[in-house]
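*Asks:*
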Amino acid sequence: MSLCNVAVVAFDHISAFHLAVPCVVFGDRHPGAPAFDLRVCTFESGPISTTAGFEIVARHGLEGLTGADAIIVPSWRNPDERPPQHLLDALKLAHAQGVRIVGLCLGAYVLAEAGLLAGRTATTHWAYAADFARRYPDIATDPNVLYVEDGNILTSAGTAAGLDCCLHLLRQSHGSEVANSVARRLVTPPHRQGGQAQFIDQPLPVSARDTRISELLDWIRANLAMPHTLDSLAERSLMSRRTFTRNFRHITGTTFGNWLLNERLAYCRRLLETSARDIENIAALCGFGSPISLRHHFRRLHGVSPNQWRKTFRGQ
7 MSLCNVAVVA
17 FDHISAFHLA
27 VPCVVFGDRH
37 PGAPAFDLRV
47 CTFESGPIST
57 TAGFEIVARH
67 GLEGLTGADA
77 IIVPSWRNPD
87 ERPPQHLLDA
97 LKLAHAQGVR
107 IVGLCLGAYV
117 LAEAGLLAGR
127 TATTHWAYAA
137 DFARRYPDIA
147 TDPNVLYVED
157 GNILTSAGTA
167 AGLDCCLHLL
177 RQSHGSEVAN
187 SVARRLVTPP
197 HRQGGQAQFI
207 DQPLPVSARD
217 TRISELLDWI
227 RANLAMPHTL
237 DSLAERSLMS
247 RRTFTRNFRH
257 ITGTTFGNWL
267 LNERLAYCRR
277 LLETSARDIE
287 NIAALCGFGS
297 PISLRHHFRR
307 LHGVSPNQWR
317 KTFRGQ
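Using my numbering, the letters of the sequence shown map in sequence onto residues 7 to 322.
Laid out in structure tokens, this is it:
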């Protein structure tokens, strides 16, 4: 996926944070990252007010969407307000032309009103997920994920998940090393899987037991080639299998099996993009046991083979 020109839709009474998320990823200049042509576009005249109490002036109207490789709707001011028809028409036209359309947080409502999400899977902020599902029954709403990619359309959960979604776009376009470099500059995790829970009841260690699991996660990441089982890791953490399983989900928001698979696939992607190692060697380093297992899980998650992924991202 080539991504050079990015358009962001702004509107009156926009959240300054939501507008800043795509702008800081694609608008700021980051060492080692390509320079994007970022355009902030609006369908309204005059200065645009923000929820933070200051105003901004967008240099482009909806004509700025023309030629964009991706159009990002960073939120929406009111789920009960139908977006203007000329904005919806512009999004539908861009989608028909193959442009990547992204709805962050409540921006999913705008994409839904444009009819772009019908028959697709989408997400939005968890607090609005029930309303979203009720209003758009033809959309498979998943309230438990950070972001969802369905074809050339992406939707994300609220606030910080928009940053995860934008970094995902950057990684798809220019590889994990560029996305990781930008994430380091922003002091944010370089890659959180879209399927991770939107919120975790206990995201930070608050006890010795939680600290042990957090330290264990770092150890596993450094030893992905080793076989790992619930029993062996529970024993290493000085817990029963049942206690370990409960606390692991409590801290990470997912099961151990899903977490381990995602970590192995993330390491696999990095090796494919940054090294010339063959698939057999990568499968061993990532702990898949065999190239067949690696190819199966990789294609199931990404829809392409490891070799196709390498050709796409190493070529860029």
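We put the CB at the ideal spot given by N, CA and C, even for glycine.
Computed from a prediction, not measured in an experiment: that's the story for all the values here.
1) Measure the alpha-carbon distance for H19 versus G263 and round it to whole angstroms.
2) DSSP on I285, reduced to helix/strand/coil?
3) At what residues does the beta strand (DSSP E) containing L160 begin and finish?
4) Per DSSP, what kind of secondary structure is A76 in: helix, strand or coil?
5) Using alpha carbons as the reference points, say which of T217, I288, Y142, S179 lies closest to T258.
6) Please state whether DSSP places Y153 in a helix, a strand or coil.
7) Please say whether K98 and G121 have beta carbons closer to each other than 8 Å?
8) Closer than 8 Å is the cut-off here; do at least three beta carbon pairs connect the stretch 162-173 with the stretch 98-115?
9) Would you mind giving the Cβ-Cβ distance between L123 and I145, rounded to the nearest angstrom? I have them listed as a contact below 8 Å.
10) Are P80 and L25 close, meaning C-beta to C-beta below 8 Å?
11) Beta-carbon within less than 7 Å of A139's beta-carbon, same chain only, minus the 5 sequence neighbours each way: which residues are those?
12) With distances taken from CA atoms, which of A282, L267, P297 is nearest R227?
13) Classify A128 as helix, strand or coil using the three-state DSSP reduction.
14) Count the other CB atoms, across all protein chains shown, that sit within 10 Å of the CB of Y60; report buried if there are 16 or more and exposed otherwise.
15) With 16 as the cutoff for other CB atoms within 10 Å, does W265 come out buried or exposed?
16) Ignore the nearest five residues each way along the sequence and tell me which others in H92's own chain have a CB closer than 7 Å to its CB.
17) Decide if S238 is buried, meaning its Cβ has at least 16 other Cβ atoms within 10 Å, or exposed.
18) With N11 as the anchor, note down where its beta strand (DSSP E) starts and where it stops.
19) With a 10 Å radius around its C-beta and 16 neighbouring C-beta atoms as the bar for buried, classify L244 as buried or exposed.
20) What residue from T251, H101, T318 has the CA that sits closest to R276's CA?
21) Would you tell me roughly how many angstroms separate the C-alpha atoms of S51 and F32, rounded to the nearest one?
22) Can you tell which of H101, L94, F17 has the C-alpha that lies nearest to the C-alpha of R65?
23) Using CA atoms only, rank isn't needed, just tell me which of R141, S299, C171 is closest to P28.
24) How should G70 be labelled, buried or exposed, when 16 other C-beta atoms within 10 angstroms of its C-beta is the threshold for buried?
25) What's the C-alpha gap between D224 and L271?
26) Is N268 helix, strand or coil when you go by DSSP?
27) With 16 as the cutoff for other CB atoms within 10 Å, does A114 come out buried or exposed?
*Replies:* Quick look at the numbers:
1) For this step, residue 19 is matched to residue 13 along the sequence shown. For this step, residue 263 is matched to residue 257 along the sequence shown. For H19 and G263, the distance between alpha carbons rounds to 43 Å.
2) On the sequence shown, residue 285 is found 279 positions in, with the first residue counted as 1. I285 falls in the helix class under three-state DSSP.
3) Taking the first residue of the sequence shown as 1, we reach residue 160 at position 154. From DSSP, the beta strand (DSSP E) with L160 extends over 159-162.
4) In the sequence shown, counting from the first residue as 1, residue 76 sits at position 70. Strand.
5) What you label residue 258 is simply residue 252 of the sequence shown in a count that begins at 1. Taking only the C-alpha atoms, the option nearest T258 is T217.
6) Your numbering for residue 153 matches position 147 in the sequence shown. Three-state DSSP puts Y153 in a strand.
7) To locate residue 121, count along the sequence shown from 1; it is residue 115. To locate residue 98, count along the sequence shown from 1; it is residue 92. Yes; because the gap between Cβ atoms is below 8 Å, this pair is in contact.
8) yes
9) As a working mapping, residue 123 is identified with position 117 in the sequence shown. As a working mapping, residue 145 is identified with position 139 in the sequence shown. Yes, they are in contact, since the Cβ atoms of L123 and I145 sit about 5 Å apart, within 8 Å.
10) In the sequence shown, the residue the question calls residue 80 occupies position 74. In the sequence shown, the residue the question calls residue 25 occupies position 19. Contact: yes.
11) Counting from 1 along the sequence shown, the entry for residue 139 is found at position 133. The answer, listed in chain order, is T147.
12) Translated into the one-based positions of the sequence shown, residue 227 becomes position 221. Considering only alpha carbons, the answer is L267.
13) By 1-based counting over the sequence shown, the position of residue 128 is 122. Correct three-state label for A128: strand.
14) The residue given as residue 60 occupies position 54 in the sequence shown. The sequence shown places Phe at residue 60, rather than the Tyr named in the question. When all chains shown are included, F60 counts as exposed.
15) For the purposes of this step, residue 265 is identified with residue 259 of the sequence shown, where counting begins at 1. Buried is the call here.
16) Taking the sequence shown and counting its residues from 1, the one referred to as residue 92 is at position 86. Counting only Cβ-Cβ distances below 7 Å, and skipping sequence neighbours, we find F49, L68.
17) If you number the sequence shown from 1, residue 238 lands on position 232. Looking at its Cβ environment, which holds fewer than 16 other Cβ atoms inside 10 Å, S238 is exposed.
18) Here residue 11 refers to the residue found at position 5 of the sequence shown. Where N11 is concerned, the enclosing beta strand (DSSP E) stretches over 11-16.
19) The sequence position of residue 244 within the sequence shown is 238, counting from 1. Counting Cβ neighbours within 10 Å, L244 comes out exposed, since fewer than 16 surround it.
20) Position 270 of the sequence shown, counted from the first residue, corresponds to residue 276. It is T318 whose Cα lies nearest to the Cα of R276.
21) To locate residue 51, count along the sequence shown from 1; it is residue 45. To locate residue 32, count along the sequence shown from 1; it is residue 26. Each residue's Cα considered, the two are about 24 Å apart.
22) Against the sequence shown, residue 65 aligns to sequence position 59. With distances taken between Cα atoms, R65 lies closest to F17.
23) By one-based count along the sequence shown, residue 28 stands at place 22. P28 has its Cα closest to that of C171, out of R141, S299, C171.
24) Sequence index remark: in the sequence shown, residue 70 carries index 64 (1-based). G70 should be labelled buried.
25) Against the sequence shown, residue 224 aligns to sequence position 218. Against the sequence shown, residue 271 aligns to sequence position 265. Rounded to whole angstroms, D224 to L271 spans 16 Å at the Cα level.
26) Within the sequence shown, numbered from 1, the residue matching residue 268 stands at position 262. Looking at N268 - three-state DSSP - the assignment turns out to be helix.
27) Residue mapping note: residue 114 aligns to position 108 of the sequence shown, counting from 1. That one is buried.
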